[in-house]
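Taking UniProt numbering, the leading residue of the sequence shown gets 1, the next gets one more, and so forth.
No residue lacks a Cβ here, since even glycine has one placed at the ideal position from N, Cα and C.
Here the structure is a predicted model, which is why all the values come from computation and not from measurement.
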Amino acid sequence: MLKRNNSNSSLALVWLVVVMLFSGLLVKQFAFSSSVPIESNIMKLLPENQQDPMVEQAFQQISNSMSEQVVFVLSSSDINNTIAATKAFENSLNQNPSSGKPTLFQHVQGKINASTQSQWSHFYFRHRAQLLTQSQQETLTHSPESRAQHVIQSLYNPFSGVTAAELTHDPFLLFRDYISAVGTRSSNFGIKDGYLTAQSKGQSHILVTATLAGSPYSLALQEQLPALDDLERGIEKQFNVKIQHTGVVFYANYGTQSAKSEISTIGLGSLAGVILLVWLTFRSALPLTLSLLSISTGLLVALVSTVAIFGKIHLFSLVFGASLIGVSIDYSFHFLTDRLAAGNQWQSDKGLKHIFVAITLGLLTSLIGYLGLLVAPFPGLQQLALFSSIGLIAAYASVVCWYPILAAKPSQDRPLPFATLWLTWLNLWSQPKFRIGLPLVVTILSVASLSLVRYDDDIRQLQAMPEHLKQQEQAIAELSGLGNAQNMLLITAKNNQALLEKLTLISTELDALVDRQGISGYRSINQHLPSKQEQYNNYQLVKQLYANQSTQLQTTLGWPSFPELPKYQPITLNEFLASPVSEPVRPLWLTPINGQAASVILIKDVTNSDQFSQWLNSSFAQQQGVRFLNKADEISSLFAEYRVKITELLLIAFAVIGMVLGWRYGVKQSLLMLLPSLIAGVAGLAVTGILGSTLNLFNLLGLILILGIGIDYTLFFAEQKKSLSTLLAITLSGLTTLLSFGLLSLSQTHAIHSFGITVLTGIFVAWLLSPLALNTNHAIERQTSRETSR
Numbered sequence: 001m002l003k004r005n006n007s008n009s010s011l012a013l014v015w016l017v018v019v020m021l022f023s024g025l026l027v028k029q030f031a032f033s034s035s036v037p038i039e040s041n042i043m044k045l046l047p048e049n050q051q052d053p054m055v056e057q058a059f060q061q062i063s064n065s066m067s068e069q070v071v072f073v074l075s076s077s078d079i080n081n082t083i084a085a086t087k088a089f090e091n092s093l094n095q096n097p098s099s100g101k102p103t104l105f106q107h108v109q110g111k112i113n114a115s116t117q118s119q120w121s122h123f124y125f126r127h128r129a130q131l132l133t134q135s136q137q138e139t140l141t142h143s144p145e146s147r148a149q150h151v152i153q154s155l156y157n158p159f160s161g162v163t164a165a166e167l168t169h170d171p172f173l174l175f176r177d178y179i180s181a182v183g184t185r186s187s188n189f190g191i192k193d194g195y196l197t198a199q200s201k202g203q204s205h206i207l208v209t210a211t212l213a214g215s216p217y218s219l220a221l222q223e224q225l226p227a228l229d230d231l232e233r234g235i236e237k238q239f240n241v242k243i244q245h246t247g248v249v250f251y252a253n254y255g256t257q258s259a260k261s262e263i264s265t266i267g268l269g270s271l272a273g274v275i276l277l278v279w280l281t282f283r284s285a286l287p288l289t290l291s292l293l294s295i296s297t298g299l300l301v302a303l304v305s306t307v308a309i310f311g312k313i314h315l316f317s318l319v320f321g322a323s324l325i326g327v328s329i330d331y332s333f334h335f336l337t338d339r340l341a342a343g344n345q346w347q348s349d350k351g352l353k354h355i356f357v358a359i360t361l362g363l364l365t366s367l368i369g370y371l372g373l374l375v376a377p378f379p380g381l382q383q384l385a386l387f388s389s390i391g392l393i394a395a396y397a398s399v400v401c402w403y404p405i406l407a408a409k410p411s412q413d414r415p416l417p418f419a420t421l422w423l424t425w426l427n428l429w430s431q432p433k434f435r436i437g438l439p440l441v442v443t444i445l446s447v448a449s450l451s452l453v454r455y456d457d458d459i460r461q462l463q464a465m466p467e468h469l470k471q472q473e474q475a476i477a478e479l480s481g482l483g484n485a486q487n488m489l490l491i492t493a494k495n496n497q498a499l500l501e502k503l504t505l506i507s508t509e510l511d512a513l514v515d516r517q518g519i520s521g522y523r524s525i526n527q528h529l530p531s532k533q534e535q536y537n538n539y540q541l542v543k544q545l546y547a548n549q550s551t552q553l554q555t556t557l558g559w560p561s562f563p564e565l566p567k568y569q570p571i572t573l574n575e576f577l578a579s580p581v582s583e584p585v586r587p588l589w590l591t592p593i594n595g596q597a598a599s600v601i602l603i604k605d606v607t608n609s610d611q612f613s614q615w616l617n618s619s620f621a622q623q624q625g626v627r628f629l630n631k632a633d634e635i636s637s638l639f640a641e642y643r644v645k646i647t648e649l650l651l652i653a654f655a656v657i658g659m660v661l662g663w664r665y666g667v668k669q670s671l672l673m674l675l676p677s678l679i680a681g682v683a684g685l686a687v688t689g690i691l692g693s694t695l696n697l698f699n700l701l702g703l704i705l706i707l708g709i710g711i712d713y714t715l716f717f718a719e720q721k722k723s724l725s726t727l728l729a730i731t732l733s734g735l736t737t738l739l740s741f742g743l744l745s746l747s748q749t750h751a752i753h754s755f756g757i758t759v760l761t762g763i764f765v766a767w768l769l770s771p772l773a774l775n776t777n778h779a780i781e782r783q784t785s786r787e788t789s790r
């Protein structure tokens, strides 16, 4: 006995040292790190594009350019009041915080300074002779004489604003029309007093843009948003204006706050449930302390290990991980109920030995289910699998290493709670009609309800989209004509000029599609930078205009001589990309890969999907190699693909677990042990159809838990002889698990809700049918007589 106690003490000491090391690493990771190692970027859960690096670069470049931008629109009925409010708002945004917190924005642009406007005008003005709009090209080709008449009419129009200096440099007023067209291609806003303004429904609107000082998913930056909200409310009240905003950072912050709230709800709810159940069942501080010890150890080791392996832990993993509380307590319950059932005859070493095989096999079957997720290339699933697996191992180790020493003393000698109820329930399972009838009824109802199940693999289920943010984004998109485009066309060519020429051809088609209301608009780099061939053709048209129409215009205006035609100075791609002029469309040009030039065209809105699809499938689009990209659609397709693969992994895990059980218990008994989990899985899927919800990848993740936990329940019935204490432990485990995942089912995020509702239903059915694994050759009454009489 002394030798055994020394062995137990050594094992407990080793595990204590390991946990202390993890505690120290936790302090280092969170207290001494430059940033909190928590990730809130929803895209980090998803796999990168594994097929085409050009496609991945397109997604990444456009995503980065959009994610760091924040757009504000200030509106009121008086333009002067709106300008005053904008000036005050811009000044406040540019002020550094005095609280020592990081700056929210690295750049804010409300009023466009004269220098910036001059750079834009000067860049295009130097090349004005080869820059024409499509309308101007048609006019100079078919009726060049009308251009001279247009100039004369403009001169006699008192509102045209044409000056003698402008005519000297641009006698046919081509440049003013071109620069105006370039502005409307960028947005619906025009410049007034240096501000980007627009009029709509009797309101004057001013656009303010800002660039974040870091990632929109930075928790430090998100902490500044309440102060920004206070600033907006203050400006609104002071100037009687309305301020709307949009940007990835607002959605990211909403997701962060929702996840934190759900972590608190699930974690604290599960913890409160565990405390209440343990106290009502055992009526002692020791079982409660031991339960909290194994839970906290499991979460500690899981958190530290995940951060150490992945660098950061995702909030999504923490939401799911918070439900680990309801699972990791299972091993504790079996030890503690065994202790309660033994009464004064309790010996901790024998107690551990009694449950050791069952909890070890239970851990093994759970790990088989979880670790199967590591095969999928979803970082989110891999992280969730690792977090859960390590947490369960740590909780298991705490029970095995510490409990025999900490719970060496017997508990108070008293009957098991609700012993008569448990005995009645177990006796029902000894009756053949009940033993066959109940599983059969549940199976029939579940299979029948599967016909109502519908699939929906939309990636947008990962994040709840608050209505107030969507409304503001839509309002700003309608005002500005910009939008947060998700639809893209990827165009490639052998070199830069060939690509620009191809973009010009495609733009002509897209213009026609806009006219047919197939799409609301698009943004392409060739709208700001014509190819060299197009520039040359434009120059020839202008040259002919000067040669054939200058005499008439000179005579009418009474000029002694006509201004000279500017020299031909083609704009190069590098010159354009280095200029501030390219800033709005610079992200559309991609870095060459394997010597191939590539660019992206952003589609604002697909207003007629049939027309757009027809164009994408047309011979022209096919010949030009147009590739349609949509990140959400791509990931949704991956979700559908991996939904099938996860199903295959589940079947493999089921088969492996079946072989392990068959090796120990034989074919017939192993089938009885697997059947409750199988029926529970079907019920977990069927409930989505009954509730009118949809089925997705996360429902299948729930099946992994149902399989692991359901096998645990039947394992304990098959392995242990004390049926009442086993049923009590399984019931307590089931209640804590139901509490954890019942709270998950209340999540506003559909994916988490789906996971929760599936597990909630499946675990209940697994518990309900778990006595199927009981060996009916044993007399339940004889086995449990002492447990009920005490």
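CB of residue i within 8 Å of CB of residue j, strictly
| i | j | result |
| --- | --- | --- |
| residue 730 | residue 741 | no |
| residue 488 | residue 629 | yes |
| residue 195 | residue 581 | no |
| residue 796 | residue 544 | Residue 796 cannot be examined here, being either before or after the span of the chain that is shown, 1 to 790. |
| residue 62 | residue 587 | yes |
| residue 519 | residue 604 | yes |
| residue 643 | residue 515 | no |
| residue 315 | residue 385 | no |
| residue 290 | residue 275 | no |
| residue 270 | residue 739 | yes |
| residue 526 | residue 597 | no |
| residue 864 | residue 129 | Coverage of the chain is limited to positions 1 through 790, which leaves residue 864 absent and any answer about it impossible. |
| residue 770 | residue 714 | yes |
| residue 313 | residue 39 | yes |
Cα-Cα separation, residue i to residue j
| i | j | result |
| --- | --- | --- |
| residue 304 | residue 22 | 7 Å |
| residue 248 | residue 211 | 11 Å |
| residue 737 | residue 292 | 15 Å |
| residue 307 | residue 673 | 36 Å |
| residue 749 | residue 256 | 12 Å |
| residue 774 | residue 711 | 13 Å |
| residue 794 | residue 309 | Here the chain covers residues 1 to 790 and nothing more, so residue 794 does not appear. |
| residue 522 | residue 759 | 45 Å |
| residue 764 | residue 671 | 19 Å |
| residue 435 | residue 659 | 24 Å |
| residue 13 | residue 20 | 10 Å |
Contacts around residue i, its chain only, beta-carbon distance under 6 Å, and the 5 residues preceding and following it disregarded
| i | result |
| --- | --- |
| residue 524 | 503, 507 and 601 |
| residue 98 | Confidence at residue 98 is low in this model, with a pLDDT of 45, below 50, so the placement of that residue should be treated as unreliable; the coordinate-derived value is given next. Same-chain partners within the cutoff: there are none. |
| residue 106 | 211 and 213 |
| residue 449 | 686, 689 and 690 |
Neighbourhood of residue i by C-beta distance below 8 Å, restricted to the same chain and skipping five residues each side
| i | result |
| --- | --- |
| residue 417 | 280, 281 and 728 |
| residue 408 | 348 |
| residue 277 | 732, 735 and 736 |
Same chain only: Cβ atoms within 7 Å of residue i, ignoring 5 sequence neighbours per side
| i | result |
| --- | --- |
| residue 351 | 335, 338, 339 and 342 |
| residue 478 | none |
| residue 139 | 146 and 147 |
| residue 779 | The pLDDT assigned to residue 779 is 41, lower than 50, so where the model puts this residue is not dependable; a value taken from the coordinates is nonetheless given after this. Contacts found: none. |
| residue 531 | 497, 500, 501 and 504 |
| residue 189 | 196, 197, 198, 207 and 480 |
With a cut-off of 8 Å, do at least 3 Cβ pairs link the region 568-585 to the region 153-167?
With a cut-off of 8 Å, the region 153-167 and the region 568-585 do not count as touching, because too few Cβ pairs lie within range.
Determine, using beta-carbon pairs with one atom in the region 50-69 and one in the region 337-345, whether at least three such pairs fall under 8 Å.
Output reads no: the region 337-345 does not touch the region 50-69.
Would the region 72-83 count as touching the region 203-215 if we require 3 or more Cβ pairs under 8 Å?
Contact between the region 72-83 and the region 203-215 is present: three or more C-beta pairs spanning the two stretches fall below 8 Å.
How do the region 286-297 and the region 400-412 stand: do at least 3 beta-carbon pairs fall below 8 Å, yes or no?
At 8 Å Cβ cutoff, the stretches touch.
Complete alpha helix (DSSP H) runs within the region 173-256 (minimum length 4 residues, chain order)
Counting only runs of 4 or more, we get 174-186, 219-222 and 225-239.
Quick one: any contact between the region 245-263 and the region 280-289, if contact means 3 or more CB pairs under 8 Å?
The region 280-289 and the region 245-263 do not touch, with fewer than three beta-carbon pairs separated by less than 8 Å.
Which runs of the alpha helix (DSSP H) spanning at least 4 residues fall entirely within the region 582-664, listed in chain order?
609-616 and 619-623, all fully within the region 582-664.
May I have a chain-ordered list of the alpha helix (DSSP H) segments no shorter than 4 residues that lie completely inside the region 343-376?
Within the region 343-376, the complete alpha helix (DSSP H) runs of at least 4 residues are 348-371.
My parser needs the beta strand (DSSP E) runs of 3 or more residues fully inside the region 484-535; what are they?
Whole beta strand (DSSP E) segments, 3+ residues: 487-493.
Ordered list of alpha helix (DSSP H) runs contained in the region 379-458, each at least 4 residues:
Entirely contained in the region 379-458, the alpha helix (DSSP H) runs reaching 4 residues are, in chain order, 379-406, 419-428 and 432-449.
Is it true that the region 752-770 meets the region 692-707, where meeting means three or more beta-carbon pairs spaced less than 8 Å apart?
Contact holds between the region 752-770 and the region 692-707, because three or more Cβ pairs, one in each stretch, are under 8 Å apart.
Do the region 417-428 and the region 352-361 meet, that is, are 3 or more Cβ pairs less than 8 Å apart?
Touching, no.
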